[in-house]
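Colleague: Below are the structure tokens for one structure; questions will follow.
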Amino acid sequence: MALDQSESPAVGSPAPLPDIRRFVVYGAGAIGGVLGARLFAAGHDVVLIARGEHLAAIRADGLRVDSPDDSQTLRIPAVEHPSEIDWRPGDVALLAMKSTGTEEALRALAAVADPGTPIVVVQNGVANELAALRHFANVYGVHVRFPATHLTPGVVEAQSAPVTGILDLGRYPDGVDDIAEQVAAAFRSATFLSEARPDIMRGKYTKLLGNIGNAVDALCGGRGEDISPVNKLIREEGRAVLEAVGISYLSFDDDRERRGEAIRTRPVNGKARTGSSSWQSLARATGSIEADHLNGEIVLLGRIHGVPTPANELARHLANRAAREGTPPGSLSVAEFLALLSKAGSGAVLPTA
Numbered sequence: 125m126a127l128d129q130s131e132s133p134a135v136g137s138p139a140p141l142p143d144i145r146r147f148v149v150y151g152a153g154a155i156g157g158v159l160g161a162r163l164f165a166a167g168h169d170v171v172l173i174a175r176g177e178h179l180a181a182i183r184a185d186g187l188r189v190d191s192p193d194d195s196q197t198l199r200i201p202a203v204e205h206p207s208e209i210d211w212r213p214g215d216v217a218l219l220a221m222k223s224t225g226t227e228e229a230l231r232a233l234a235a236v237a238d239p240g241t242p243i244v245v246v247q248n249g250v251a252n253e254l255a256a257l258r259h260f261a262n263v264y265g266v267h268v269r270f271p272a273t274h275l276t277p278g279v280v281e282a283q284s285a286p287v288t289g290i291l292d293l294g295r296y297p298d299g300v301d302d303i304a305e306q307v308a309a310a311f312r313s314a315t316f317l318s319e320a321r322p323d324i325m326r327g328k329y330t331k332l333l334g335n336i337g338n339a340v341d342a343l344c345g346g347r348g349e350d351i352s353p354v355n356k357l358i359r360e361e362g363r364a365v366l367e368a369v370g371i372s373y374l375s376f377d378d379d380r381e382r383r384g385e386a387i388r389t390r391p392v393n394g395k396a397r398t399g400s401s402s403w404q405s406l407a408r409a410t411g412s413i414e415a416d417h418l419n420g421e422i423v424l425l426g427r428i429h430g431v432p433t434p435a436n437e438l439a440r441h442l443a444n445r446a447a448r449e450g451t452p453p454g455s456l457s458v459a460e461f462l463a464l465l466s467k468a469g470s471g472a473v474l475p476t477a
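Here it is as structure tokens:
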């Protein structure tokens with residue numbers, strides 16, 4: 125098939141980017157739904173991309189955002205696919221789906237959006253930015269720090285108020301430009317703290333060290349047990365891998381200092397937050413979970429650089445199996461996890477029960 129030259133993307137030096145005029149939030153779950161709603165409520169032009177019952181509920185009744193202080197229902201434009209959007213200069217895409225859906229989303233975006241469209245990665249993990257850079261020239265990473273929940277179609281919960289969360293960002297792989305500053309300003313206008321930072325991936329690797337505990341929370345959380353012994357093993361492996369590779373990350377003390385007292389997680393509708401994003405995936409029986417992109421990242425780097433990561437490998441395996449089989453969260457005890465780890469002959473030093 126001959127290539128239509130009129131549809132060929134421009135190559136060479138990137139053109140200056142126009143000012144931001146609209147945010148397209150791809151993935152309107154816990155993070156994307158709350159972020160899109162906060163931007164919309166602050167007066168920004170927003171379109172949500174959602175699917176299934178959640179999309180149907182948003183179209184029929186609006187998106188309801190519950191927080192510790194109030195509840196809002198917002199009539200935000202919502203579509204099912206990027207092809208339903210009239211893409212134009214000034215559009216910025218915010219990727220907010222689980223990492224399991226990133227490749228499919230990027231292919232869908234690349235088919236309809238200009239390759240210069242800014243792609244802002246509002247996701248856990250550290251591989252989504254690289255994936256986006258294969259398709260788009262202007263990619264930005266976001267260090268996401270805000271508690272949110274999505275369990276019911278048409279409803280998302282923001283568990284911190286009055287500050288919804290912290291969304292620092294920067295150009296990928298490093299640097300700051302005018303678009304990063306504009307996005308940070310938009311986030312600040314929408315009840316978030318946000319700074320444009322030139323070394324954003326340092327923060328994202330720190331977040332990865334926290335997020336690798338999500339699988340343990342999904343598998344063992346909600347049982348009234350102390351899951352910290354398993355998380356300690358998981359995170360010690362993660363730090364050992366990053367240090368062996370030479371990957372820089374923020375210390376947990378620096379991260380806590382940035383958070384300060386801004387994020388105040390409080391009950392919503394009389395209920396405390398139920399669990400991590402991975403816990404929510406099992407609770408909604410989505411059939412998928414982010415373990416390959418969280419624990420799997422540590423396993424991958426460990427295999428490449430000769431660092432054993434048995435606890436992360438087991439957590440990844442068990443979380444994926446639970447997602448495939450529709451196992452509800454909290455179905456495994458800490459003792460059972462540690463017994464499986466010992467049985468695997470990992471050689472890890474296991475804490476005494």
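Residue numbers for the sequence shown follow this note's numbering, so the first one is 125 and each next one is one higher.
Glycine residues also receive a C-beta, built at the ideal position from the N, C-alpha and C atoms.
Only a predicted model underlies this, so the values are computations on that prediction, with no experimental measurement involved.
1. At the level of alpha carbons, what is the spacing between Ala386 and Gly289?
2. From the DSSP output, which residues share a beta bridge with Arg295?
3. Can you check which of these residues, Ala368, Asp301, Val266 and Thr389, is closest to Ala251 by C-alpha distance?
4. Going by alpha carbons, who is nearest to Ala256 out of Thr433, Ala272, Arg408 and Thr226?
5. Looking at the structure shown, is Ser352 part of a helix, part of a strand, or coil, going by DSSP?
6. Given a threshold of 16 other Cβ atoms within 10 Å of its Cβ, counted over all protein chains shown, does Asp190 qualify as buried or as exposed?
7. Who are the near neighbours of Gly346 in its chain, counting only those whose CB is closer than 8 Å to its CB and skipping five residues on each side?
8. Thinking just about the alpha-carbon of each residue, which of Asn436, Leu172, Thr273 and Ser318 is nearest to the one in Leu357?
9. Tell me whether Phe461 sits in a helix, a strand or coil according to DSSP, three-state version.
10. Take the Cβ of Ile428 as the centre, count every other Cβ of all protein chains shown within 10 Å, and call the residue buried at 16 or more, exposed below.
11. Identify every run of the beta strand (DSSP E) within the region 324-386, keeping only runs that are complete inside it and at least 3 residues long; order them along the chain.
12. Between Glu131 and Val236, what straight-line distance do the alpha-carbon atoms span, to the nearest angstrom?
13. Can you list the beta strand (DSSP E) stretches of 3 or more residues lying completely in the region 193-245, in chain order?
14. Below 8 Å, how does it come out for the region 409-417 and the region 316-328: are there three or more Cβ pairs, yes or no?
15. Run through DSSP, which three-state label would Ile290 get?
16. Which same chain residues, not among the five before or five after Gly314, have their C-beta less than 8 Å away from its C-beta?
17. Closest to Gly411 by C-alpha separation, out of Thr224, Pro142 and Thr330, would be which residue?
18. For my contact list, Val171 and Arg146 are in at a C-beta cut-off of 8 Å; report their separation, rounded to the angstrom.
19. According to DSSP, simplified to helix, strand and coil, what is Glu281?
20. My understanding is that Val354 touches Glu281, with C-beta atoms under 8 Å, so please give their C-beta distance in whole angstroms.
21. Using only alpha-carbon positions, find the residue among Val268, Gly370 and His274 that is nearest to Val431.
22. Would Thr241 be called buried (16 or more neighbouring beta carbons within 10 Å of its own) or exposed?
23. Please classify Glu253 as buried or exposed, where buried requires at least 16 other C-beta atoms within 10 Å of its C-beta.
Modeller: Taking the definition as stated:
1. One alpha carbon belongs to Ala386, the other to Gly289, and they sit about 7 Å apart.
2. Its beta-bridge partners are Tyr264.
3. Checking every option, the nearest Cα to that of Ala251 belongs to Val266.
4. Of the candidates Thr433, Ala272, Arg408 and Thr226, the one whose C-alpha sits nearest the C-alpha of Ala256 is Thr226.
5. Three-state result, Ser352: helix.
6. The residue is buried, with at least 16 neighbouring Cβ atoms inside 10 Å.
7. Within the same chain, Cβ atoms closer than 8 Å to the Cβ of Gly346 are found at Thr398, Gly399, Trp403, Pro453 and Gly454, the five residues on either side in sequence being excluded.
8. Of the listed residues, the one whose Cα sits closest to Leu357 is Asn436.
9. Helix.
10. Residue burial annotation: Ile428 is exposed, with fewer than 16 other C-beta atoms found within 10 angstroms of its C-beta.
11. Within the region 324-386, no complete beta strand (DSSP E) run reaches 3 residues.
12. With a pLDDT of only 49 at Glu131, under the threshold of 50, the placement of this residue in the model should not be trusted, and no figure is reported.
13. Listed in chain order, the complete beta strand (DSSP E) runs (minimum 3 residues) inside the region 193-245 are 195-198, 215-219 and 243-245.
14. Touching, no, given that fewer than three Cβ pairs across the two stretches are closer than 8 Å.
15. Taken through DSSP and simplified to helix, strand or coil, Ile290 comes out as strand.
16. Looking at the sequence itself, residue 314 is Ala, so the reference to Gly does not match. So the list reads Leu159, Arg162, Leu163, Ala165, Ala166, His168 and Thr288, once near-sequence residues are dropped.
17. For Gly411, the nearest C-alpha among the options comes from Thr224.
18. 7 Å between Cβ atoms; contact.
19. In the structure shown, the three-state DSSP call for Glu281 is strand.
20. With a contact defined as Cβ atoms closer than 8 Å, Val354 and Glu281 miss out at about 27 Å.
21. Closest by alpha carbon: Gly370.
22. Residue environment analysis places Thr241 among the buried positions, since at least 16 neighbouring C-beta atoms fall within 10 angstroms of its C-beta.
23. By the neighbour-count rule (16 or more Cβ atoms within 10 Å), Glu253 is buried.
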